[in-house]
Amino acid sequence: MVFGCARDIVEHCGVARFVFCDFPLGNPCGKPFDAAMQRDIVGLGLDLLATATAPGTTVVAPYAWHEDTWKEKCFTKERPFLDEAATATWLERKQAYRDVKASGPA
Amino acid sequence: MSHVRYIDKTREYYKQEGYDAPYRWAHFDDVPFTPLARPLAECRVGLITTSEMAIHGEPVPVADDDPLRDPYWLPSTTPVAKLYSRKTAYDRFATTLDDVDSYLPLTRLGELAAEGRIAGLAPRFQMAFSQYSQRKTLKVDAPRIEGWLREDRVDVAVLTAV
């Protein structure tokens, strides 16, 4: 079973069981330092292991983030997903992986 | 407000950044499904995450310049206070990865095991990187992780996608 915050991506992929937490990318098991919420959400996932009867079963965690503006702002020029250093690392690794693949089985 | 459409949003975002070819997200028409074979209270739980965990004060498990980014594991008994995430791909404007249990619920699963809701956690948990190659994820990384889970006699697997 999968805990995730990107509902469209997980459902597009297709997984057996999915607990969707409608939070910013990073906290699929509940808000930071909110142990009670985390226990509830993890418990939902465990329940789903037993109760799901077919693949592609999604359960929505019954919690909202304390504000909604992140939904509009994520992946915008105002809030680039990766900072410059992380973007550079990402591009370097991507090229390095292509080089490895080109030189033999990876 | 309804959930974020990341597939649409990232397509637009990276187009504006100058990347022409839209990313082809993984998709499977047939999704495997196995009903739970025994009561949850008798199940050992395996935990897999994309959160790139490491241990404070120890060498990083996978070097930054390692292009293969193979999966790896750490002991589940590692104190959570010693763990941290090296992941840079998350919404750093809206939240943090400062609380490990918000994406790798070792403490929460430990509590649920102590209560008897599950039999226990596997002795180690696994890290899978967000890869550039869906082929490698499917053909190399996933079978390796499955092998570790089978060695640990895991009954159910939980993956946290960060």
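Each protein sequence line maps, in turn, to chains B and F.
Letter by letter, the first sequence follows residues 1 to 106 of our numbering.
Letter by letter, the second sequence follows residues 1001 to 1162 of our numbering.
Positions of the beta carbon are idealized from the N, C-alpha and C atoms, including for glycine.
Because the structure is a prediction, the values reported are computed rather than measured.
Could you name the residues of chain F that residue i contacts, counting a contact when the two beta carbons are closer than 7 Å?
i	result
B:PRO24	ASP1091, ALA1094, THR1095
B:PRO165	Given that chain B is displayed from residue 1 to residue 106, the structure contains no residue 165 of chain B and the question cannot be resolved.
For a cutoff of 8 Å on Cβ pairs, would you count residue i as touching chain B?
i	result
F:GLU1111	yes
F:PRO1105	yes
F:MET1053	no
F:VAL1154	no
F:ARG1044	no
F:LYS1015	no
F:ARG1144	no
F:THR1010	yes
Is the separation between the beta-carbon of residue i and that of residue j shorter than 8 Å?
i	j	result
F:ASP1098	B:PRO32	yes
B:ALA64	B:LEU44	no
F:TYR1072	F:PRO1059	no
F:GLU1052	F:LYS1087	yes
B:PRO28	F:ALA1054	no
F:VAL1031	B:GLY30	no
B:ALA50	F:LEU1047	no
B:CYS74	F:ASP1091	yes
B:GLY4	F:TYR1103	no
F:LEU1109	F:VAL1045	yes
F:ARG1117	F:ASP1152	no
F:PHE1033	B:ALA54	yes
B:LEU46	B:THR57	no
B:ASP68	F:MET1001	yes
B:VAL100	F:PRO1067	yes
B:GLN38	F:PRO1075	no
B:ARG17	B:ALA52	yes
F:ALA1119	F:CYS1043	yes
F:ALA1021	B:TRP70	no
F:ALA1089	F:SER1130	yes
Name, please, each residue of chain F whose Cβ falls closer than 9 Å to the Cβ of residue i.
i	result
B:VAL10	ALA1161
With a threshold of 8 Å between beta carbons, is residue i in contact with chain F?
i	result
B:VAL59	no
B:GLY43	yes
B:LEU91	no
B:GLY104	no
B:ALA96	yes
B:ALA16	yes
Kindly list, in the order they appear in chain B, the residues whose Cβ is closer than 7 Å to that of residue i.
i	result
F:MET1001	ASP68, LYS71
F:THR1005	Reading the sequence as shown, one finds Arg at residue 1005 of chain F and not Thr. Result: ASP8.
F:ASP1099	PRO32, PHE33
F:THR1088	LEU82, ALA86
F:ARG1150	None at all; the shortest Cβ gap to chain B is about 17 Å.
Using the beta-carbon of each residue, which ones in chain B are nearer than 8 Å to residue i?
i	result
F:ARG1117	GLY43, LEU46
Quick one: which chain B residues come within Cβ less than 9 Å of residue i?
i	result
F:LEU1040	LEU46, ASP47, LEU49, ALA50
Pick out the complete alpha helix (DSSP H) segments inside the region 1063-1116 of chain F, 4 residues or longer, and give them in chain order.
-> 1106-1114
Give, in chain order, every residue of the region 1020-1038 of chain F whose Cβ lies closer than 9 Å to some Cβ of chain B.
-> TRP1025, ALA1026, HIS1027, PHE1028, ASP1029, ASP1030, VAL1031, PRO1032, PHE1033, THR1034, PRO1035, LEU1036
Contacting positions in the region 1060-1079 of chain F - beta carbon closer than 9 Å to chain B = ASP1064, ASP1065, ASP1066, PRO1067, LEU1068, ARG1069
Mind listing which residues of the region 46-57 of chain B have their C-beta closer than 7 Å to chain F's C-betas, in chain order?
-> LEU46, LEU49, ALA50, ALA54, PRO55, GLY56
For the region 1004-1068 of chain F, list the alpha helix (DSSP H) runs that are entirely contained and at least 4 residues long, ordered along the chain.
-> 1006-1016
Please go through the region 4-36 of chain B and give each complete alpha helix (DSSP H) segment of 4 or more residues, from N-terminal end onward.
-> 7-13
Alpha helix (DSSP H) segments (min. 4 residues) lying fully within the region 65-103 of chain B | 69-73, 84-102
Compile a chain-ordered list of the residues in the region 1121-1133 of chain F whose CB is closer than 9 Å to at least one CB of chain B.
-> GLN1131, TYR1132, SER1133
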